[in-house]
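In the UniProt record's numbering, the protein residues as written are 1 to 71.
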């Protein structure tokens, strides 16, 4: 959740680098939302180096836990 706040400036200044760092920590601890958001970061490549393989990996990890992005 804190990664999301850093990513979108909710309650604090936007800090995309910190968001990536926090998403990675949470993703490695099993957060399906952080895994999905990290996949987005790797897919877009605007903050970290674009890496489609990493994006797919994190999307798959999130999906394995049943995460579905609400629309």
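Ideal Cβ positions, reconstructed from N, Cα and C, are used throughout, including at glycine.
The model shown is predicted, which means the values in this text are computed figures rather than measured ones.
From which residue to which residue does the alpha helix (DSSP H) around residue i run?
| i | result |
| --- | --- |
| residue 65 | Careful: residue 65 lies outside any alpha helix (DSSP H) and carries neither H nor E. |
| residue 7 | 2-8 |
| residue 16 | 16-28 |
| residue 40 | 32-44 |
For residue i, which residues of its own chain have a beta-carbon under 8 angstroms away from its beta-carbon, when the five flanking residues on both sides are left out?
| i | result |
| --- | --- |
| residue 45 | 51 |
| residue 67 | 32, 33, 35, 36 |
| residue 69 | 36 |
CB residue i to CB residue j, shorter than 8 angstroms?
| i | j | result |
| --- | --- | --- |
| residue 24 | residue 2 | no |
Name the residue from the options whose alpha carbon lies nearest to the alpha carbon of residue i.
| i | options | result |
| --- | --- | --- |
| residue 86 | 13, 29, 15, 16 | An answer regarding residue 86 cannot be provided, because it is not within the stretch 1 to 71 covered by the chain. |
| residue 26 | 9, 69, 4 | 4 |
Who are the Cβ neighbours of residue i in its own chain at under 7 angstroms, not counting the five residues just before and after it?
| i | result |
| --- | --- |
| residue 65 | 32 |
Please classify residue i: does DSSP put it in a helix, a strand, or coil?
| i | result |
| --- | --- |
| residue 49 | coil |
| residue 12 | coil |
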